[in-house]
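> Quick one: this structure, given as structure tokens, is what I'll be asking you about.
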Amino acid sequence: MADLNIEFKEKENIANTALKDFQKIKDLTHKEIDHLETEKNDLKNENKYYKDLSATWESQINEIQKQKDLYSQQAQDLKQQNQQLVKQNLDLRQQLTEFQEKQSYETSKLNIEIQRQNESLDDMNKKLNSGFSEKIQEIESEIKKQYQKKFEELEDQVNILRLEKQELIRNFQGQQCNEDIQILKQISEDNNIQISEQQISEKNNKIDQNLNFSFADQKQLFKKGKQTDELIQKQNDSQKIQTIKTQASNLVDNQKSSFQNQQSKQEKKKNVKFEEDSQFQNNLLQKKLDEIFELAQSMSKQEREVLRIQAQKEVEKVQQEKVEFLRQKEKEFNDKSEILQKKVKQQEQEFQEKIKKMRDENDFQMNKINKNYQNQLSVLKQKHIFDMNNLKDNIKKQNNSNIENQLSQAQEQTQQKFEDLNSINQNQVSDQQEEQQKIINSLELELKFVKKEFQQQNQKLESQIKKLEIEKSQLDEKFQFQLKIQQAEFDEQIKQDPLRKRIVQLEGQLKKANDELYE
0 MADLNIEFKE KENIANTALK DFQKIKDLTH KEIDHLETEK NDLKNENKYY
50 KDLSATWESQ INEIQKQKDL YSQQAQDLKQ QNQQLVKQNL DLRQQLTEFQ
100 EKQSYETSKL NIEIQRQNES LDDMNKKLNS GFSEKIQEIE SEIKKQYQKK
150 FEELEDQVNI LRLEKQELIR NFQGQQCNED IQILKQISED NNIQISEQQI
200 SEKNNKIDQN LNFSFADQKQ LFKKGKQTDE LIQKQNDSQK IQTIKTQASN
250 LVDNQKSSFQ NQQSKQEKKK NVKFEEDSQF QNNLLQKKLD EIFELAQSMS
300 KQEREVLRIQ AQKEVEKVQQ EKVEFLRQKE KEFNDKSEIL QKKVKQQEQE
350 FQEKIKKMRD ENDFQMNKIN KNYQNQLSVL KQKHIFDMNN LKDNIKKQNN
400 SNIENQLSQA QEQTQQKFED LNSINQNQVS DQQEEQQKII NSLELELKFV
450 KKEFQQQNQK LESQIKKLEI EKSQLDEKFQ FQLKIQQAEF DEQIKQDPLR
500 KRIVQLEGQL KKANDELYE
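Each residue of the sequence shown is one higher than the last, beginning at 0 in numbering that gives the first Met the number 0.
This is the structure:
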């Protein structure tokens, strides 16, 4: 009985031990099941997390694709803007070409008008010279006829006087003249002076020579008058006037041609350089954007973040280079415009000085011609008055009032002819000065027109440059604003990223575990 109890206790102990072991196994099994359930739930959560992460990545990829589309649209807009700038540049070139054609047409028209005026002035000068020459010849012929007639009348009267004188000498030779001769001889004998009849005859011949001298002097005066008229005709030649007009026309043509060539070359260089630089910058920007979008599709989030920062820096760098480029172009344009304005002002001043110099030279030549003519006319008048006075004195000695009246009329007619010649010369000089003044005024008006056209074209270019600067500034502001929005959205996405939160949590747990391990 005791053995059975011992055996029963041993079996009971074995059973209790087995039960305990089973309970332990059961507990361990439940723990394992719980652990597996936990792992299952963890796997589910992890699967969900990765699904969410995949969806997040998908949305980020879609967002990046949207950004790529947006950048592509912006690049397309930049291309369109570039095309618009090219079109505006072509329009400016067209306007410049039209302006140059218009200016060339106006210049050719003005040259034709100047040529027509020159031809008209030449014809007028020829007519005036021809008419003046014919008038001079007619006046010379008339004066010659009148002088010839007067000379013939005076010679007839002198011959009559000579005959009367000889008759008187013959009549009184035996009476009064002999008495005078005897008296003179007596006086000469008293004073030891010998006076012969030959000396008396020489004295009478000398009186006759005085009369002949007056007529010969009148003939010489006529010859000198003719020579003076020929000299006046030569001095009034239109060659100097034509030379002045030709110099003025050539000066205007040279100024216009130089200005047009310089402006055309500067516009061509500036437009071609601006197009090349603008196209190069746009191509460079588009190339960098394409490279960035291609790399973004095969990168992790951190690499995309680094790439985004790099892309932002590249875009800012390109924008800064573009701004600096536009500023440099603006500075170059302002410098060239200032140099061109100074050059135009200098050319205008030189042109004004040349016109003033030509005008002074013309006035000097005209005054010189007029002064010479007046001096010669004054000398001729004085000579004529002196000769007429001598002739009057000689005629008065002969007590012939009829001849004196005729000579007075001849003197008045001669004086009137000289006054007519002087009036004709003064009118011709005045007409030539008026024509030259008209030409100079027309050249000055043309210079003002060219200057005004240049100022208008310069103002148009400056307004277009300001408009482009405003558009550039608006594009820069728009780009910076969009860039800030994208940066803010990207930063917010990074903050809300579950993977980033998990990394932060794991970093905290790792730090806590390290602290516990250290303790």
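Beta carbons are placed, not taken as given, at the ideal position from N, Cα and C, and that holds for glycine.
The structure displayed is predicted, hence computed values, not measured ones.
Take the Cβ of residue 66 as the centre, count every other Cβ of all protein chains shown within 10 Å, and call the residue buried at 16 or more, exposed below.
Indexing the sequence shown from 1 puts residue 66 at position 67. Result: buried.
> Give me the Cα-Cα distance between residue 115 and residue 437, rounded to the nearest whole angstrom.
Start at 1 with the first residue of the sequence shown, and residue 115 comes out as number 116. Start at 1 with the first residue of the sequence shown, and residue 437 comes out as number 438. So the alpha carbons of these two residues sit roughly 14 Å apart.
> Exposed or buried, which one is residue 173 when buried takes at least 16 other CB atoms within 10 Å?
Counting from 1 along the sequence shown, the entry for residue 173 is found at position 174. Residue confidence for residue 173 is low, a pLDDT of 48 falling below 50, so the modelled location carries little weight; the figure read from the coordinates is stated next. Exposed is the call here.
> Relative to the C-alpha of residue 101, which candidate in 448, 79, 359 and 305 has its C-alpha closest?
Mapped onto the sequence shown, residue 101 falls at position 102. The residue with the shortest Cα to Cα distance from residue 101 is 448.
> Which value, in whole angstroms, describes the spacing of the CA atoms of residue 526 and residue 345?
Residue 526 lies beyond the range of the chain shown here (0 to 518); nothing can be said about it.
> For residue 308 and residue 483, what's the separation of their Cα atoms in angstroms?
Numbered from 1 along the sequence shown, position 309 holds the residue referred to as residue 308. Numbered from 1 along the sequence shown, position 484 holds the residue referred to as residue 483. In a straight line, the C-alpha of residue 308 is about 12 Å away from that of residue 483.
> Taking only the alpha-carbon atoms, compute the straight-line gap between residue 98 and residue 458 and give it to the nearest angstrom.
By 1-based counting over the sequence shown, the position of residue 98 is 99. By 1-based counting over the sequence shown, the position of residue 458 is 459. Going by the C-alpha atoms only, they are around 14 Å apart.
> Report the option in 36, 80, 13 and 41 whose CA atom is closest to the CA atom of residue 473.
Your numbering for residue 473 matches position 474 in the sequence shown. The shortest C-alpha separation from residue 473 is found at 80.
> Between the C-alpha atoms of residue 520 and residue 23, what's the straight-line distance to the nearest angstrom?
Given that the chain is displayed from residue 0 to residue 518, the structure contains no residue 520 and the question cannot be resolved.
> How many angstroms separate the CA atom of residue 78 from the CA atom of residue 68?
Against the sequence shown, residue 78 aligns to sequence position 79. Against the sequence shown, residue 68 aligns to sequence position 69. Computed Cα separation, rounded: 15 Å.
> CB of residue 5 to nearest heavy atom of the ligand ZN: below 7 Å?
Absence of the ligand ZN is noted for the structure shown, with no ligands found whatsoever.
> What number of angstroms, rounded off, separates the C-alpha of residue 341 from the C-alpha of residue 374?
Counted from its first residue, the sequence shown places residue 341 at position 342. Counted from its first residue, the sequence shown places residue 374 at position 375. Distance between the alpha carbons of residue 341 and residue 374 is about 48 Å.
> Here's a check: name, in chain order, each residue in its chain whose Cβ is nearer than 7 Å to the Cβ of residue 222, leaving out the five neighbours to either side.
Residue 222 sits at position 223 when you count from the first residue of the sequence shown. Annotation note: pLDDT 49 at residue 222 (below 50); position unreliable, coordinate value reported separately. The answer is none, since no qualifying residue turns up.
> Can you grab the Cα-Cα spacing for the pair residue 352 / residue 334, in whole Å?
Translated into positions along the sequence shown, residue 352 becomes position 353. Translated into positions along the sequence shown, residue 334 becomes position 335. So the two alpha carbons sit approximately 27 Å from each other.
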